[in-house]
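Q: Please find one structure pasted underneath; my questions will follow.
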Amino acid sequence: MTEIRNLAGKLVCRVDEVASAVEIVSKGHKTSIRFNESGTAEVTHEKTK
Numbered sequence: 891m892t893e894i895r896n897l898a899g900k901l902v903c904r905v906d907e908v909a910s911a912v913e914i915v916s917k918g919h920k921t922s923i924r925f926n927e928s929g930t931a932e933v934t935h936e937k938t939k
């Protein structure tokens with residue numbers, strides 16, 4: 891996964907280009923977004939703590 895950081899150097903999200911996925915972790919919650927071949931997006935949310 892490739893880490894995407896803002897100008898302050900803080901981690902914003904992780905991108906997996908092979909799996910067509912984006913992972914965002916913030917304040918104890920993880921949001922995963924997967925892009926399907928059909929053009930739709932599958933979004934899941936879970937607590938990390």
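Numbering of the sequence shown is given in our numbering, commencing with residue 891 and proceeding in unit increments. A virtual CB, placed ideally from N, CA and C, is assigned to each residue, including glycine.
1. What first and last residue would you give for the beta strand (DSSP E) that runs through residue 927?
2. Note down the Cα distance separating residue 894 from residue 905, rounded to an integer number of angstroms.
3. Helix, strand or coil for residue 909? Go by DSSP, reduced to three states.
4. Count the other CB atoms, across all protein chains shown, that sit within 10 Å of the CB of residue 912; report buried if there are 16 or more and exposed otherwise.
5. Is residue 897 helix, strand or coil when you go by DSSP?
A: Looking at the coordinates:
1. Residue 927 -> no beta strand (DSSP E), and no H or E assigned at all.
2. C-alpha separation (whole angstroms): 7 Å.
3. In the three-state DSSP reduction, residue 909 falls in the coil class, being neither helix nor strand.
4. Looking at its Cβ environment, which holds 16 or more other Cβ atoms inside 10 Å, residue 912 is buried.
5. It is coil, neither helix nor strand.
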